[in-house]
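A.B. asks: Dropping a structure here in structure tokens format, bear with me for questions.
Protein chains: 4
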Amino acid sequence: MIITIKKNADQQAVKKLIDKLETLGVTAVEIQGSDLTIYGLTGDTTAIDEKRIMANESVEHVTRIAAKYKLASRQMHPTDTIFDINGIKIGGQEKIVVIGGPCSVESEEMVVQLAKDVKDAGGKMLRGGAYKPRTSPYAFQGMQTDGILAMVKAREETGLPIVSELMSADKIDEFERYVDVIQIGARNMQNFELLKELGKRTTKPILLKRGFANTIDEWIMSAEYIMANGNPNVIFCERGIRTFETETRNTLDLSVIPIIKRKTHLPIVIDPSHATGDWSLVESASLAAVAAGADGLIIEVHNDPENAFSDGDQCLKPKRFKALIEKAREIAQVIGRDI
Amino acid sequence: MIITIKKNADQQAVKKLIDKLETLGVTAVEIQGSDLTIYGLTGDTTAIDEKRIMANESVEHVTRIAAKYKLASRQMHPTDTIFDINGIKIGGQEKIVVIGGPCSVESEEMVVQLAKDVKDAGGKMLRGGAYKPRTSPYAFQGMQTDGILAMVKAREETGLPIVSELMSADKIDEFERYVDVIQIGARNMQNFELLKELGKRTTKPILLKRGFANTIDEWIMSAEYIMANGNPNVIFCERGIRTFETETRNTLDLSVIPIIKRKTHLPIVIDPSHATGDWSLVESASLAAVAAGADGLIIEVHNDPENAFSDGDQCLKPKRFKALIEKAREIAQVIGRDI
Amino acid sequence: MIITIKKNADQQAVKKLIDKLETLGVTAVEIQGSDLTIYGLTGDTTAIDEKRIMANESVEHVTRIAAKYKLASRQMHPTDTIFDINGIKIGGQEKIVVIGGPCSVESEEMVVQLAKDVKDAGGKMLRGGAYKPRTSPYAFQGMQTDGILAMVKAREETGLPIVSELMSADKIDEFERYVDVIQIGARNMQNFELLKELGKRTTKPILLKRGFANTIDEWIMSAEYIMANGNPNVIFCERGIRTFETETRNTLDLSVIPIIKRKTHLPIVIDPSHATGDWSLVESASLAAVAAGADGLIIEVHNDPENAFSDGDQCLKPKRFKALIEKAREIAQVIGRDI
Amino acid sequence: MIITIKKNADQQAVKKLIDKLETLGVTAVEIQGSDLTIYGLTGDTTAIDEKRIMANESVEHVTRIAAKYKLASRQMHPTDTIFDINGIKIGGQEKIVVIGGPCSVESEEMVVQLAKDVKDAGGKMLRGGAYKPRTSPYAFQGMQTDGILAMVKAREETGLPIVSELMSADKIDEFERYVDVIQIGARNMQNFELLKELGKRTTKPILLKRGFANTIDEWIMSAEYIMANGNPNVIFCERGIRTFETETRNTLDLSVIPIIKRKTHLPIVIDPSHATGDWSLVESASLAAVAAGADGLIIEVHNDPENAFSDGDQCLKPKRFKALIEKAREIAQVIGRDI
């Protein structure tokens, strides 16, 4: 951590500040410049709050150099972490996993049929929303437990592991019992109380979506919350960020793929359906994600998008989904992987 | 709602779509243009999902005209709603309420002393965080129940109503019992399960902070969630949005004040401390907020910011807080209000 | 264009507005709803200013449906436009063009050597900045005319067509004489006086970079400026947009590729170097761009990035550039194209 | 400037880098930490390019501490700069200047009448666009020289100094001859060739609007361009930045007022009309700007907004403009200033 002192700062106050910091276990080295004085803090700065330092009137600027995360960091764990979910491996340099399914589970028949279609197309897991985060309280809120049980039925029929979104801690036991991967939505990425419970009460893999205005470092810190509370199994999922552009629902940020891989040892999956919000853009985004190095894709598939209960405009029909996987597989092979 | 049909759309598919929409209780009027065909839907479109319409390949564009919120809407309730919180009125055209206090409650002594300072300066409510949403799992997480009890003690000593942030539904009973205004932080603005519980399990006023990447309409919809579930008492709180500018912690958007007042009947409070993240910018932002028509200010105050447990750099010392209120009062009087 | 009228609007004022609009050559059709009255305008609305309509107190909302651009529109020109630049074709479904070279031309020797390296690696055009848009007036501003002449020398040695950035209209004659493709930087995307001159005074292809906070529609309108003034030869170039994320220099928005292709008939090239600002992210972004359907890549290459006069951190060394093209070619082949 | 070295960096390469930097006239001090090595550079770092340093594979991170601007900096010029424009003073702690007038000059009669209305309301300068930056090439482009001459006539009739937007260097002589303050629009804030000419060829005050996606530091660097080229007379003008929020045309960032005053010695004016894009929000934003410490306001006024040639929806009628100034004056008096 680097502290820059103001030009005409009170020397007494500066000394007091530096002495206090040294009692916290770091060492401060002074650099005296022509215009500015700078202190470099070395040692474990994880617990030092830069805002508290900034509150000093003598301080011009504080820069944190070392990351605040430890368990998620690649420095701590240089090799890729690979999770095995009922035999499906995610992470590492070999296979890319495609997850498909409806935005909302609408009935058991529907999700069982879609599971078969997803499997037939080459998908390796089934996604489906039973608890739905809707902007409006008047919109369909999901089939809830019945939706989860319909997903379980689809798993029984196809063998595909199931992924579904959890919205509150009081359902963790239900998800622990029935679901294979617990999805945390963008709007809950910084619901810290929920993250803590996911650390304490389950070891199921958590598919952690990036909040639509969260930086990469905040996202990794949310993974760190889950890990520090006891669950080391986190998969990142990029689903687009909010920008000034309104042509797409969100702006898909594929640069996160190499950055997450450099900073952490955890897998990263891309969600082109929510990122674009437009089924006709999903294939282009999916192929790009594979070429950029993603470990997986999570794509909305529906047999009758015009009658979907939610997000119909971003669903692919199974036939298009199958064609997409075929092209994606060839691209994966170019970069030495497979689907 | 306005539906624009693609130039060479399949007429059969369009007819099927329009027929289906009419079964949902709306009336569709066709406008035949030279290049485009447009349908205007009239009637109650609240329950119609524009995304499902967009999923039709014949559809070029869908525009929603009527708002999706009802209970929060000024159309439903043309006069300003005024809440009475232990005798302090918030909303309406008369008084502007200033809320002051520490970011985190650090001890009973500290918060009792600050409550006295806030009251002496002209503040009308006490804020203080007992449960803290921290980006890092390794940072101080708040005094929790002990912090709430310290706030209660401060209320006993000064009579100031107390405002504190709730982070999970399992603490609603504690807040219902002890706290006067329940604050919901920016990161939980779209924690819909929590919003539902706030509607069902309490009628305490909810100070609903705007998420840092949420539109005004999404914010109003979150208020609508609380209201539609049974609690009509919502106060909006703007605390800055996330933009490309890094000079300030967030960008304070004061245009929300006249817009929230035009669209809804509910009060709106401004938080200049979190918006700017810099104590030296708080006075300028506070005076601007009052001039722009805010119903209240919520400001971080600390007796020893350099030693604050969190957000020290954005706290005012009590003396500066008092001077700020004095200027703000004079500005309030110019626009026909008072503090 | 759709005009929504306020609930209790003055009927006289509305009639006056509609009558005036009809004198501008459009036809207004009224839709009377339960809550709102809507007018649909049909005919040529290109010259109608929605802001002037919004100035009426009776108007709630105005939505433009038809695009404001004509010459750039795919509706006017359904097939892909392909430009032939000294034998190199850009646009269409066959070849993807890779353009390489230094950020700044630093000497004739340097750019001639790099041109050879670019050609050897499989690059088909040479880029190089002679006039440099630098944020600071104290930074190196480019070799200017000498830089252009050094590029010309490099073209003589290698046969590669040359691309360079033009910053002011008084250099158009120089560029018309020496340069094959005229690049317009992000900061000049809405320098409308320059765009007009590019339309009137040259027919060289213009590589039009997207402004870092411009929407796709604004970008197309800037192409339309050039085209409407007489030069139909515009190539779009995405180089990242400005968002809240600071980990990368900009956020590369690859969704523009299918959108530009749907809306216009013009080619689109991706600049991964400026988008990421980090050479270690360039390969991932380049492969993604090819998979997403880009018609070309423009990449910074330098033999000695640590000593580059500008943007050294985002340059690839020739060896890495060559490896990148080889992988990109294989991906191009998967989607039925080639490099 | 602070350079952080990677953990396992090549010591030879690091030494070479540091030696090279020292030849540029700075001194490097090493801090050896447990995990990281840091170098602090002291001396004049203005000419050192952090991107060139970042291009070294051994470098983890570079942080610039000292600002890159000199002439604009308050450190160089601790007192407020005050400009005298035909007797109207702008800057300093006394008067706040209100500038009013139409978006576009539409005729001599119109602008002369508006000038009288602006003066009568208490406005001190007249604004009016003769050259218009329009997104569409098919929209009205302004009356050009005739518009400037109409403004001159309005100045003759009222004595109000005139402000108008310049869009290209070939009109500098015309503006030098006729106009009192030269406005540079948001889209040209980084048109560096134009900025250089404004430095070399005129000493008229330049009203420099902030680009809608430019940081405060980039904005100051654009002022520095003009100043370093010979014209020290720059006035900043904030007109809103582009964010994800679409309810307003832009998001007005009033925090720039205290920040520009802390970093520079130059005046700052606020444009609430372009920031909000909605006349009904202009008064709230104007009062807020005055309370926040602005040195001036620039507001669009029109006698017949429904028939304005451009931006009709954001114009105030003269009566509302007068009422606004009266309230703004009282607020100015609260903070020890006047209008």
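Chains as they are written, first to last, in numbering that gives the first Met the number 0: chain F, 0 to 338; chain G, 0 to 338; chain D, 0 to 338; chain P, 0 to 338. All C-beta atoms, glycine included, are put in the ideal place defined by N, C-alpha and C.
(1) Using 8 Å as the threshold, is the region 104-123 of chain P in touch with the region 176-195 of chain D, meaning 3 or more CB pairs across them?
(2) Specify the secondary structure class of A348/P as computed by DSSP and reduced to three states.
(3) Given a cut-off of 8 Å, decide if S254/P and Q313/P are closer than it, judged by their beta-carbon atoms.
(4) How about Q189/F: is its C-beta nearer than 8 Å to some C-beta of chain G?
(5) Which residue marks the beginning of the alpha helix (DSSP H) containing Y68/F, and which one marks its end?
(6) Using the Cβ count rule (16 or more neighbours within 10 Å means buried), how would you classify D48/D?
(7) Restricting to Cα atoms, I'd like to know which of D18/G, R73/G, K5/G and G24/G is closest to P266/G.
(8) Please list, in chain order, the chain G residues whose beta carbon lies closer than 9 Å to that of E156/F.
(9) By a C-beta neighbour count over all protein chains shown, 10 Å radius and 16 as the cutoff for buried, is L207/D buried or exposed?
(10) For A8/G, which residues in the same chain have their Cβ closer than 7 Å to its Cβ, ignoring the five residues on either side in sequence?
(11) Quick check: is the beta carbon of I334/D nearer than 8 Å to any beta carbon in chain F?
(12) Which runs of the alpha helix (DSSP H), 4 residues or longer, sit entirely within the region 168-243 of chain F?
(13) Between V25/F and D43/F, what straight-line distance do the alpha-carbon atoms span, to the nearest angstrom?
(14) Got a sec? Which residues, its chain only, sit under 6 Å from I181/F by beta carbon, not counting five neighbours each side?
(15) For the region 273-285 of chain G, which residues have a beta carbon sitting closer than 8 Å to at least one beta carbon of chain P?
(16) Can you tell me which residues form a DSSP beta bridge with T36/F?
(17) I need the DSSP call for D83/D, collapsed to helix, strand or coil.
(18) Using a Cβ-Cβ cut-off of 7 Å (strictly less than) and excluding sequence neighbours within five positions of Q140/P, which residues of its own chain qualify?
(19) Quick one: Cα of R154/G to Cα of I64/F, how far?
(20) From the DSSP output, in three-state form, read off I338/F for me.
(21) What does K200/F touch in chain P if you count any residue whose Cβ is under 9 Å from its own?
(22) Identify the continuous beta strand (DSSP E) that holds V96/F and give its terminal residues.
(23) Since M109/F is in the alpha helix (DSSP H), which residue starts that stretch and which ends it?
(24) Taking K152/D as the reference, give the member of G292/D, G210/D, N228/D and E108/D with the closest Cα.
(25) Taking all protein chains shown into account, do 16 or more other C-beta atoms lie within 10 angstroms of the C-beta of K347/F, making it buried, or fewer, making it exposed?
(26) Kindly give me the distance between the Cβ atoms of G292/D and K260/D, rounded to whole angstroms, as I take these residues to be in contact under 8 Å.
(27) Under a Cβ-count criterion, where at least 16 other Cβ atoms within 10 Å of its own Cβ denotes burial, should M53/F be classed as buried or exposed?
(28) How would you list, in chain order, the residues of chain F whose beta-carbon sits under 7 Å from the beta-carbon of T3/P?
(29) What span of residues does the alpha helix (DSSP H) with M53/P cover, start to end?
(30) Any C-beta of chain F within less than 8 Å: which residues of the region 161-176 of chain G qualify?
(31) Shorter than 8 Å from the beta carbon of F243/F to some beta carbon of chain P?
(32) Name the two residues that bound the continuous beta strand (DSSP E) containing E299/D.
(33) Between Y224/P and chain D, is there a C-beta pair that is closer than 8 Å?
(34) Whole-angstrom Cβ separation of N228/P and M188/P, contact assumed at under 8 Å?
(35) The beta strand (DSSP E) spanning S103/D covers which residue range?
(36) Residues in its own chain within less than 7 Å of S221/G by CB, not counting five upstream and five downstream?
C.D. replies: Per the coordinate set shown:
(1) no
(2) A query on residue 348/P cannot be resolved here, the shown segment of chain P reaching from 0 to 338 and no further.
(3) As a working mapping, residue 313/P is identified with position 314 in the fourth sequence. As a working mapping, residue 254/P is identified with position 255 in the fourth sequence. No, they are not a contact pair.
(4) Here residue 189/F is taken as the residue at index 190 of the first sequence, counted from 1. Chain G contact via Cβ: present.
(5) In the first sequence, counting from the first residue as 1, residue 68/F sits at position 69. Y68/F -> no alpha helix (DSSP H), and no H or E assigned at all.
(6) On the third sequence, residue 48/D is found 49 positions in, with the first residue counted as 1. Looking at its Cβ environment, which holds 16 or more other Cβ atoms inside 10 Å, D48/D is buried.
(7) Taking the second sequence and counting its residues from 1, the one referred to as residue 266/G is at position 267. Cα-wise, what sits closest to P266/G is R73/G.
(8) Taking the first residue of the first sequence as position 1, residue 156/F is located at position 157. Near E156/F there are no residues of chain G at all, since even the closest Cβ is about 26 Å away, more than 9 Å.
(9) The residue you call residue 207/D lines up with position 208 of the third sequence. Per the 10 Å Cβ criterion, buried.
(10) Indexing the second sequence from 1 puts residue 8/G at position 9. So the list reads S57, once near-sequence residues are dropped.
(11) Position 335 of the third sequence holds residue 334/D. True, the Cβ-Cβ gap to chain F drops below 8 Å.
(12) Counting whole runs of 4 or more residues, the region 168-243 of chain F contains the alpha helix (DSSP H) stretches 171-177, 191-200 and 215-227.
(13) Counted from its first residue, the first sequence places residue 25/F at position 26. Counted from its first residue, the first sequence places residue 43/F at position 44. The alpha-carbon atoms of V25/F and D43/F are separated by roughly 6 Å.
(14) Counting from 1 along the first sequence, the entry for residue 181/F is found at position 182. Here the set comprises L165, F174, K203 and I205.
(15) A274, T275, S279, L280, S283 and A284
(16) Here residue 36/F refers to the residue found at position 37 of the first sequence. Beta-bridge pairing links T36/F to I4/F and Q31/F.
(17) As a working mapping, residue 83/D is identified with position 84 in the third sequence. Three-state result, D83/D: strand.
(18) To locate residue 140/P, count along the fourth sequence from 1; it is residue 141. Contacts found: K131 and R133.
(19) Taking the second sequence and counting its residues from 1, one reaches residue 154/G at position 155. Taking the first sequence and counting its residues from 1, one reaches residue 64/F at position 65. Going by the C-alpha atoms only, they are around 42 Å apart.
(20) Against the first sequence, residue 338/F aligns to sequence position 339. Here I338/F sits in coil by DSSP.
(21) Residue 200/F sits at position 201 when you count from the first residue of the first sequence. The displayed chain sequence assigns Arg, not Lys, to residue 200/F. Under the 9 Å cutoff, chain P gives no residues; its nearest Cβ is about 34 Å from R200/F.
(22) Taking the first residue of the first sequence as 1, we reach residue 96/F at position 97. Boundaries of the beta strand (DSSP E) around V96/F: V96 to G100.
(23) Taking the first sequence and counting its residues from 1, one reaches residue 109/F at position 110. E107 to A120 is the span of the alpha helix (DSSP H), which, as asked, contains M109/F.
(24) Numbered from its first residue, the third sequence carries residue 152/D at position 153. Here the closest residue by C-alpha is E108/D.
(25) Absent from the model: residue 347/F. The displayed extent of chain F is 0 to 338, so no value can be given.
(26) Against the third sequence, residue 292/D aligns to sequence position 293. Against the third sequence, residue 260/D aligns to sequence position 261. Contact between G292/D and K260/D holds, with the beta-carbon distance rounding to 7 Å and staying under 8 Å.
(27) Translated into the one-based positions of the first sequence, residue 53/F becomes position 54. Residue environment for M53/F: buried (at least 16 other C-beta atoms within 10 angstroms of its C-beta).
(28) As a position in the fourth sequence, residue 3/P is number 4, starting the count at 1. I64, listed in chain order.
(29) By 1-based counting over the fourth sequence, the position of residue 53/P is 54. Segment E49 to M53, the alpha helix (DSSP H) holding M53/P.
(30) M166, S167, A168 and D169
(31) Taking the first sequence and counting its residues from 1, the one referred to as residue 243/F is at position 244. It does: the Cβ of F243/F has a partner Cβ on chain P nearer than 8 Å.
(32) Within the third sequence, residue 299/D is the residue found at index 300, counting from 1. Its beta strand (DSSP E) spans residues G295 to E299.
(33) Sequence index remark: in the fourth sequence, residue 224/P carries index 225 (1-based). With 8 Å as the cut-off, Y224/P counts as an interface residue toward chain D.
(34) The count along the fourth sequence starts at 1 and reaches residue 228/P at position 229. The count along the fourth sequence starts at 1 and reaches residue 188/P at position 189. 15 Å between Cβ atoms; not a contact.
(35) To locate residue 103/D, count along the third sequence from 1; it is residue 104. Note, S103/D: premise wrong, no beta strand (DSSP E); not H, not E.
(36) For this step, residue 221/G is matched to residue 222 along the second sequence. M188, Q189, L194 and L207.
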